[in-house]
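Step one of this worksheet: look at the structure below.
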Amino acid sequence: MGITAKIWPITDDEARACAATPKYVNELFHRIPDSRHALIHRARGLASTLADAAGPELRAIDGASDPTYVMTPAGIAAMLDRKVPSPFHPIVEDFPTEAANRIEVVEIARAAAREHRGLMFCIFEDW
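Residue 28 in numbering that gives the first Met the number 0 sits at position 29 of the sequence shown; the count goes up by one each step and never skips.
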């Protein structure tokens, strides 16, 4: 039992749907294939990092069953650009995956950037 984060690419339409109907987060959470998400175990620190970095490029989904954030493509670009200071750098530096699929957050972020998508971060208690 612990705090885990699941991170996956999300379209603008999916982000708007989640903001309008927070229960939609759960549907996306269970629908995303293993090859399209990263898992971070022991993610309590990530939850506070996301909360501290929230703003125009990282928005909370109010009303979701678990703490959930959507990062915009501009936020992803800032997170991946090591030349520019960003509050998002710790996300890829400090939270390596330990999941069976072995996909790192940076891999999912690069895929989202290539596809001009955002990123969904869902923090949940893993039983």
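Quick reminder that beta carbons are idealized off the backbone N, C-alpha and C, glycines included.
Ranking Asn-100, Thr-96, Glu-106, Ile-75 by CA distance to the CA of Arg-58 puts Ile-75 first. Counted as a single uninterrupted DSSP element, the alpha helix (DSSP H) harbouring Ala-73 occupies residues 72-79. In terms of Cα proximity to Arg-116, the closest of Glu-26, Glu-124, Ile-6 is Ile-6. The segment 77-92 makes contact with the segment 100-117: 3 or more CB pairs, one atom from each, lie closer than 8 Å. In the DSSP annotation of this structure, the continuous segment of the beta strand (DSSP E) that includes Asp-125 starts and ends at 117-125.
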